[in-house]
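Protein chains in written order, with the working numbering: chain A, 1 to 406; chain B, 1 to 439. Beta carbons: idealized from backbone N, C-alpha and C, even for Gly. Predicted, not measured: the structure shown is a model, and the values here were computed from it. Right, one structure below, let's go through it.
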């Protein structure tokens with residue numbers, strides 16, 4: 001098909017085509033930026049927490065009688081012994097938080113002591129005992145687990161830190177960027193001056209805040225806390241979780257009148273809650289892009305139909321002069337191709353511009369280059385599909401029309 | 001004439017039902033997309049104390065680490081220490097002042113079968129209720145002497161009173177929390193500030209606490225905060241005493257001034273206070289106190305999530321696409337009717353008459369689109385509610401008021417008329433004779 005005549009015919013009726021081109025351009029702008037956001041969110045949701053999520057649940061116990069340190073120690077030991085003794089429980093630990101919970105404890109870690117250390121790095125802290133690694137399904141890639149006699153007890157609002165810790169590989173890389181060998185045996189400082197000896201490195205364990213940039217930075221310390229609020233994390237043998245959740249809840253609730261059990265939750269629920277915003281954004285934007293494509297498609301159909309009916313006579317004349325049906329179809333397809341090409345070129349520029357604005361204003365991640373050609377091809381196909389119907393109708397116009405006077 | 005144009009308009013709209021439906025639908029969807037996000041944003045950025053916005057101030061003092069600001073570039077902490085909260089409250093230099101924090105307590109309802117449950121309780125001072133215009137159903141708040149005497153009194157929300165006492169006037173009755181008795185002095189009527197401006201930490205939409213009790217009582221009972229708590233230097237010793245004496249921030253402080261002109265005086269008082277504390281060896285940073293109105297404070301804490309703004313900008317573009325669509329279709333319609341138009345022009349219709357006629361026709365499409373747009377907005381809000389259903393407060397964000405309904409219709413009409421301008425102008429510039437000639 002020769003583009004020349006199609007182009008010259010379009011110039012005679014610019015406004016309609018300009019509008020469609022603009023519509024395609026803005027549609028593409030929205031599409032590309034929506035894709036960029038969706039991709040970023042999908043990456044977030046796809047990250048592993050490190051937990052054995054399908055077989056892990058958590059619950060909290062709040063005691064509400066007079067606080068007594070010695071009694072609390074006995075209670076926590078009893079609870080843990082009780083939970084660990086239930087058949088089907090693989091391991092359990094009392095900890096302050098767990099990945100994806102969106103609330104927890106963080107501290108600054110540094111390689112040199114002192115309050116003015118420039119290299120301090122924020123890290124999530126989980127207080128665990130020797131069962132921590134197995135309960136959190138952490139894989140030890142270097143060093144050793146805590147031994148029972150390393151686990152200490154600590155009072156709330158007190159600041160003595162245990163002398164040992166296990167850190168994630170991501171934290172190790174961040175804190176010792178130049179270290180090629182093992183970091184086991186090295187000392188880091190917490191709370192400005194308290195030394196912590198690294199005894200192990202684990203492959204992965206997320207901090208409790210999925211939105212935090214340092215979400216992979218985590219340190220486990222061997223400590224239990226005398227608090228009247230305790231969180232128990234329980235990992236079961238595969239398939240036992242749903243049966244054990246109510247069983248253990250009842251077991252603990254019935255063991256004392258002076259407490260209540262709350263926040264009973266599977267890790268799957270925790271994950272869902274942690275990523276509500278991300279999944280919602282993905283769903284909203286998917287819907288928006290689909291709706292938008294339909295509207296733009298319908299706009300193209302509408303305008304093409306009008307052009308066809310407006311030019312009924314000319315088409316009849318062309319047919320009478322020997323143009324074949326496919327030639328008429330090709331004419332309208334080419335016309336749409338030209339409009340789309342113009343629209344998509346403008347769209348490409350607008351997309352990048354809007355993305356730059358969004359990155360600046362809302363600190364989003366810049367879009368990946370390949371989103372642009374993908375959106376272009378998709379919209380080109382939508383345009384061609386939309387124009388196909390009217391084009392076929394045009395090709396069915398009888399050559400005899402030419403002989404009729406309107 | 002107007003009625004005649006209306007008739008012409010409706011005839012023309014009915015002549016092309018599919019096309020007209022497409023236009024109305026496009027406008028409605030565009031309006032729906034825009035207005036549902038605008039509505040959410042409107043609720044999120046609401047100011048429950050707008051009528052007192054120039055009298056209420058959130059107090060910040062910069063007691064932070066000399067080497068490291070609380071937040072870049074040089075933001076003071078968003079809460080205050082126990083030391084400063086109590087000192088400033090005691091000084092009583094504002095018309096009203098309140099210091100508060102939230103804490104988890106276990107409520108033990110009466111009766112053998114009743115199960116205890118955990119509640120977030122706000123420990124606060126007497127002025128809280130008057131400052132924030134908290135409405136009472138029965139009784140009232142406590143007074144300053146109850147604060148001083150650490151009286152065991154509570155104020156309940158309407159919902160909590162319903163739960164514990166079936167909604168009857170419970171003033172004077174007793175309730176138990178953590179095995180300790182409390183006397184009820186007041187019951188609130190329905191009160192759900194959106195957002196919870198007086199404490200924006202954690203979740204600004206979770207709704208106000210259900211139980212209120214004197215701050216001094218909470219301190220003597222050694223309650224911990226269930227909200228945010230940050231410390232920049234190690235505690236001096238162990239236990240609750242050391243915590244109270246520490247530089248940890250965990251208390252929200254607000255003052256009400258008798259007039260907006262008092263602001264400078266109170267600021268001066270704060271600066272003097274900090275200078276005084278500096279002499280005692282505290283406040284190692286430069287004086288950096290802050291008084292923010294509720295509106296300023298909500299902007300500072302970024303109550304409106306960026307996600308909403310991202311969605312809003314995409315929704316506006318979405319409306320632009322819908323309008324481009326409408327312009328295109330209107331134009332097509334006009335081009336198809338050129339012969340009609342030139343005939344009317346030849347018969348003496350003036351340009352302005354044609355202009356009015358087509359604008360009225362477009363206006364009708366706009367109104368239809370706006371009305372359908374209200375429905376679309378409602379659907380959009382239900383959709384948003386659905387994708388965010390894990391949040392239990394979400395339904396409070398997804399509410400449409402009459403202002404929003406009005407805005408939806410207005411936006412629809414204005415944008416349709418704007419869209420109609422170019423096609424209408426094209427229609428008017430059809431010359432009387434051209435098309436007639438070919439006939």
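For residue 272 (chain A), the nearest beta carbon of chain B is closer than 8 Å to its own beta carbon.
For residue 67 (chain B), the number of other beta carbons within 10 angstroms of its own is below 16, and it is reported as exposed. With respect to chain A, the C-beta atom of residue 213 (chain B) has no partner C-beta closer than 8 Å. The stretch 271–283 of chain A makes no contact with the stretch 354–370 of chain A: fewer than 3 CB pairs, one atom from each, lie closer than 8 Å. By the CB criterion at 8 Å, residue 183 (chain A) and residue 196 (chain A) fall outside the cutoff. For residue 77 (chain A), the enclosing alpha helix (DSSP H) begins and ends at 69–85. Rounded to the nearest whole angstrom, the CA to CA distance from residue 207 (chain B) to residue 116 (chain B) is 21 Å. Among the residues facing chain B, residue 50 (chain A) is not included, as its CB has no counterpart in that chain under 8 Å away. At the C-beta level, residue 205 (chain A) and residue 164 (chain A) stay beyond 8 Å of one another.
Boundaries of the alpha helix (DSSP H) around residue 298 (chain A): 276–310. According to the DSSP secondary-structure assignment, residue 59 (chain A) is paired through a beta bridge with A:232. Residue 306 (chain B) belongs to the set of residues whose beta carbon lies under 8 Å from a beta carbon in chain A. Comparing alpha carbon positions, the residue from A:166, A:132, A:130 and A:131 closest to residue 142 (chain A) is A:166. Rounded to the nearest whole angstrom, the C-alpha separation of residue 419 (chain B) and residue 2 (chain A) is 34 Å.
Residues of the stretch 332–343 of chain B that bring their beta carbon within less than 7 Å of a beta carbon in chain A comprise 332, 335 and 336, in sequence order. Rounded to whole angstroms, the gap between the alpha carbons of residue 218 (chain A) and residue 290 (chain A) is 40 Å. Cβ-Cβ distances below 6 Å link residue 293 (chain B) to 53 in the same chain, with the five nearest sequence neighbours on each side left out; the list follows chain order. Between residue 414 (chain B) and chain A, the shortest Cβ-Cβ separation is not below 8 Å. Taking each of A:271, A:59, A:335 and A:298 in turn and checking the Cα distance to residue 390 (chain B), the smallest one comes out for A:271.
Spanning the alpha carbons of residue 395 (chain A) and residue 386 (chain A) requires a straight line of approximately 15 Å. Fully contained in the stretch 203–276 of chain B are the following alpha helix (DSSP H) runs of length 4 or more, in chain order: 215–220 and 239–244. At a cut-off of 8 Å, the C-beta of residue 280 (chain B) has no neighbouring C-beta in chain A. With respect to the 8 Å criterion, residue 83 (chain A) and residue 232 (chain A) are classified as neighbours on the basis of their beta carbons. Judged by DSSP in its simplified three-state form, residue 57 (chain B) adopts strand. By the CB criterion at 8 Å, residue 75 (chain B) and residue 210 (chain B) fall outside the cutoff. The continuous stretches of beta strand (DSSP E) do not include residue 64 (chain B), and DSSP gives it neither H nor E. When the beta-carbon positions are compared, residue 158 (chain B) and residue 188 (chain B) come within less than 8 Å of each other.
Within the stretch 22–34 of chain A, the residues whose Cβ lies closer than 8 Å to some Cβ of chain B are 22, 23, 26, 27, 29, 30, 33 and 34, listed in chain order. Distances from the alpha-carbon of residue 222 (chain A) to those of A:209, A:403 and A:149 put A:149 closest. In the DSSP assignment, residue 223 (chain A) falls within the beta strand (DSSP E) that extends over 218–226. Under the Cβ criterion of 8 Å, residue 427 (chain B) is not counted among the residues facing chain A. Contacts between residue 309 (chain B) and chain A, judged by CB atoms closer than 8 Å, involve 361 and 362 in chain order. For residue 323 (chain B), the enclosing alpha helix (DSSP H) has its first and last residue at 306–336. DSSP, reduced to helix, strand and coil, places residue 90 (chain B) within a helical segment of the structure shown. Listed by position along chain A, the residues whose Cβ is nearer than 8 Å to that of residue 116 (chain B) are 64 and 260.
At a cut-off of 8 Å between beta-carbon atoms, residue 26 (chain B) makes contact with chain A.
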